[in-house]
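Worksheet: one structure, shown below.
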Amino acid sequence: MKKIFSLFVVCLISFSSLAQEENEPSILNNNYDKEFTHTTGLWTGLYTKYRLNEKLFYYGEYHFRRRNNFVNDMAQIYLRFGLTYLINPKVELTAGVVTPFYWAPEQNLANQDNVVPQYRLWQQIVLFSHLKD
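Numbering-wise, the sequence shown is residues -19 to -1, 1 to 114 according to mature numbering (1 follows the signal peptide of the UniProt record, and there is no 0).
Now the structure itself:
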C-alpha cells in the first residue's frame, strides 16, 4: 500500500503546468499593466445524510454563495439532492440531481437573464478505508 501511495504522490508532483503565456506581463518581470477587479465572497454550505432504511440514505448539499456586499449580491445557489445506496460497509454509491442557480454580476443590463438555472444529473462513489500505522 505504501508503494502505491508513493507512486501516486510522485505522479502528482511530476506534472507541471503554466497558467500564463511567457510573454504575458507579470509581477515577476515588473511589467504589469493589468487592471484588477477585487471582489469578496461568502460561501456557506450544509451537507446532510439521512438514513431511510438499512442500505438507503437521502443525501443533500445546500450551498449559498454571495459576493461583494455579502447580503445584497447573490452569486449562486447550488442544490444537490440524491439517494445513497450502501453496497457494503466500505462502498457507497450516490446519484441524484444538481440544481444550481447563477446570478449575473450586473443586474441592470438589458437583454440579459439575471438568474440562470442549470440542471444536470450527478453521481459519486465513496470508498472507505482505515489508515493503519
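Glycine included, each C-beta is placed from N, C-alpha and C at the ideal position.
**Q.** Cβ-based neighbour list, LEU27, same chain, cut-off 6 Å, excluding 5 preceding and 5 following
**A.** On the sequence shown, residue 27 is found 46 positions in, with the first residue counted as 1. Cβ neighbours of LEU27 beyond the five flanking positions: TYR43.
Q: Would you kindly work out how many angstroms separate the C-alpha atoms of GLN105 and TYR66, rounded to a whole number?
A: Within the sequence shown, residue 105 is the residue found at index 124, counting from 1. Within the sequence shown, residue 66 is the residue found at index 85, counting from 1. Cα-Cα distance, rounded: 11 Å.
Q: Starting from the C-beta of ALA76, find all residues in its chain whose C-beta is less than 6 Å away, skip the five residues before and the five after it, and write them out in chain order.
A: In the sequence shown, the residue the question calls residue 76 occupies position 95. Only GLY63 and GLN104 meet the Cβ criterion.
(Q) Taking the straight line between their C-alpha atoms, what separation do you get for THR20 and ARG32? (A) Within the sequence shown, residue 20 is the residue found at index 39, counting from 1. Within the sequence shown, residue 32 is the residue found at index 51, counting from 1. Computed Cα separation, rounded: 40 Å.
**Q.** Simplified DSSP assignment, three categories, for LYS(-18)
**A.** The sequence position of residue -18 within the sequence shown is 2, counting from 1. Helix at LYS(-18).
Q: Apply the 10 Å Cβ neighbour rule to ARG101 and answer buried if 16 or more other Cβ atoms are within range, or exposed otherwise.
A: Here the question's residue 101 lines up with position 120 in the sequence shown. Exposed: under 16 other Cβ atoms inside 10 Å.
(Q) In the DSSP output, what is ILE68 paired with across the bridge? (A) Position 87 of the sequence shown, counted from the first residue, corresponds to residue 68. DSSP lists no partner for ILE68.
Q. Does the distance from the C-beta atom of MET55 to that of ARG47 stay below 7 Å?
A. In the sequence shown, the residue the question calls residue 55 occupies position 74. In the sequence shown, the residue the question calls residue 47 occupies position 66. For the 7 Å CB-CB criterion, MET55 and ARG47 form a contact.
Q. Exposed or buried, which one is GLU73 when buried takes at least 16 other CB atoms within 10 Å?
A. For this step, residue 73 is matched to residue 92 along the sequence shown. GLU73 comes out buried.
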